[in-house]
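There are 2 protein chains.
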Amino acid sequence: MAEQNYKRSRQRERLLELLRSTKEHPTASWLYDRLKIEFPALSLGTVYRNLGVLRDQGLLRVLAAGSTFDRFDADMRTHYHFMCERCGAVEDLALDPDLGIEQRAAQCSGRIVTGHRVEVFGFCEACASKESRPIGPSQ
Amino acid sequence: MAEQNYKRSRQRERLLELLRSTKEHPTASWLYDRLKIEFPALSLGTVYRNLGVLRDQGLLRVLAAGSTFDRFDADMRTHYHFMCERCGAVEDLALDPDLGIEQRAAQCSGRIVTGHRVEVFGFCEACASKESRPIGPSQ
DNA sequence: ATTAATACTCGGAATGATTCTCACTTTAGA
DNA sequence: TCTAAAGTGAGAATCATTCCGAGTATTAAT
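Protein chains in written order, with this note's numbering: chain R, 1 to 139; chain F, 1 to 139.
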């Protein structure tokens, strides 16, 4: 899975640059739309295949945003996310990651822990001001 | 979304009992297969619809397990999960939830924070003993 | 108990993100 | 330059989830 032979491709290089240039945690289709301008013949399959390659190369992470679609993040430093329950936006949180969680999760178990993920959810600033009556639990 | 009129249905009541009786964090199709024994005419759509109703009633939570399918958990107390990267199993973690995360995430922002979720990943005990050479990053 | 209103069920079709297939093209090393 | 292997585009296939329409069950009021 990791000991693969990769060749360069302009599509993949630009995909990574694009992902690195934004804080939006884009979806596959957002990336496709942008990249399509530069590569008019671009195929959606190519975007998905390269997202998978970059993930295997450890150059991006996949954030599961509910069951509908994934979002992608090229910032490989451990950091936490905030997800808006109303508009679906994903924002980085300026919190120090708690690596003790991983130690405690491994403690007294045969598990191998490789990482952890924290997602805080609620309503982002824009939605919080519109939405005077917050909705009930949806996750 | 919450001020809905619900009527009782045996299918939904048994669905919730079934989910409450297991620690497996089942998928929709696992629940469907089990419930189908009891309700031979059961429809998959009914399972999904009722999972949605129970979620809106605050009686279960949806765990997004990667992009492929959801898992469901009727334990509404805040608690953390461990997810095996190899077999996909989901286990509860016996860690005290850190509610300070939510306060820190809300601090100095217009956000409304309603909850948070922690997922630790790696290899479960069974997989850790088989898998001598752990695989590279996949999330 | 009957009835009316409406939520619920089933089955199957529709949706939508993601993955796969395959013929052709590009890359990289000899 | 030549060749093998990885990459590409187009579209079909997959698969979890949602939607729809006609008939059924539940509830509250008569």
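Just so it is clear, CB atoms sit at the ideal spot from N, CA and C, and this is done for glycine as well.
Cβ neighbours of residue i in the same chain (closer than 6 angstroms, five flanking residues each side left out)
i               : result
H116 of chain F : I101, E102
E91 of chain R  : F82
P97 of chain R  : T78
V120 of chain R : F82
Y80 of chain R  : L93, L95, V118
P40 of chain R  : none
C87 of chain F  : C127
L99 of chain R  : none
Y6 of chain F   : none
Extent of the continuous beta strand (DSSP E) to which residue i belongs
i               : result
A64 of chain R  : 61 to 65
E91 of chain R  : 90 to 93
G122 of chain F : 112 to 123
D73 of chain F  : 69 to 73
Check whether residue i and residue j have beta carbons under 8 angstroms apart
i               : j               : result
A128 of chain R : G110 of chain F : yes
L16 of chain F  : L59 of chain F  : yes
T114 of chain R : E85 of chain F  : yes
A94 of chain F  : C124 of chain F : no
A126 of chain R : A64 of chain F  : no
R14 of chain F  : E38 of chain F  : yes
V118 of chain F : V118 of chain R : yes
Alpha helix (DSSP H) segment containing residue i, residue limits
i               : result
C87 of chain R  : Unbroken run through C87 of chain R: none, as it is neither H nor E.
T46 of chain F  : 44 to 56
E17 of chain R  : 10 to 20
A41 of chain F  : Per DSSP, A41 of chain F belongs to no alpha helix (DSSP H) and is neither H nor E.
Q103 of chain F : 100 to 106
Nearest-angstrom beta carbon gap, residue j and residue i [assumed within contact, 8 angstroms]
i              : j              : result
D70 of chain F : A28 of chain F : 7 angstroms
Close-in-space but distant-in-sequence residues of the same chain around residue i (CB under 8 angstroms, 5 per side omitted)
i               : result
R12 of chain R  : N50, V53, L54
L44 of chain F  : A28, S29, Y32
S9 of chain R   : N50
I112 of chain F : A106
M76 of chain R  : G58, L59, L60, R61
Same chain only: Cβ atoms within 7 angstroms of residue i, ignoring 5 sequence neighbours per side
i               : result
K36 of chain F  : L42
R20 of chain R  : A74
R34 of chain R  : L18
P137 of chain F : Its pLDDT being 37, under 50, P137 of chain F is placed unreliably by the model, and the measurement read from it follows with that caveat. Nothing listed; no residue qualifies.
K130 of chain F : none
R133 of chain R : Note on R133 of chain R: pLDDT 45, under 50, position unreliable in the model; no value is reported.
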